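In the numbering used here, the protein residues as written are 1 to 104.
One structure is given here, and the rest of the page talks about it.
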Amino acid sequence: MVNSIVIICEESPFGKDSVVESFRMATGLLAVGDIEDVKIILMKDAIYFLNKHLDPIAINANEFTNIMRLIAFSEIEVFLHDNALKAAGLELNDIFLKENVKIV
């Protein structure tokens with residue numbers, strides 16, 4: 001039986017829904033109850049998903065409000081790749097849910 005799953009996402013939060021779907025999949029796996037440990041690693045452009053200065057409305061995209069609430073109430077561990085964070089010019093203070101996020 002699988003006890004732990006790691007989901008790695010590298011795609012931008014815009015143009016594709018892979019980041020949002022990664023979090024939906026992770027929360028769904030936890031909700032089913034068969035898997036107790038789900039981690040998500042955001043790399044490359046995917047780290048912009050948690051940028052608190054990001055304004056999806058400015059580019060005519062949907063806000064991430066519902067999925068952010070879902071993440072906040074779940075037990076998903078979220079990791080940001082340190083090189084991706086540096087490449088984006090972001091720091092931990094620029095990130096939503098920074099209390100749930102670790103840098104790797």
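Each residue gets a CB set at the ideal place from its N, CA and C atoms; glycine is no exception.
Quick caveat, the model's predicted, so the values are computed rather than measured.
key: Spatially closest choice to residue 73 from 45, 47, 24, 89, by CA coordinates   = 24
Residue from 58, 101, 75, 41 whose Cα sits closest to the Cα of residue 9 = 41
ask   = Within 10 angstroms of its Cβ, does residue 13 collect 16 or more other Cβ (buried), or is it exposed?
value = buried
message = If I measure Cβ to Cβ from residue 62 and keep anything under 8 Å in the same chain, skipping five residues before and after, which residues do I get?
response = 56
message = Helix, strand or coil for residue 63? Go by DSSP, reduced to three states.
response = coil
ask   = Cβ atoms of residue 96 and residue 52: under 7 Å apart, would you say?
value = yes
query = What are the residues that DSSP puts in a beta bridge with residue 104?
reply = DSSP, once it has assigned bridges, lists no residue as partnering residue 104.
key: Proximity of residue 92 and residue 47 at Cβ, strictly below 7 Å   = no
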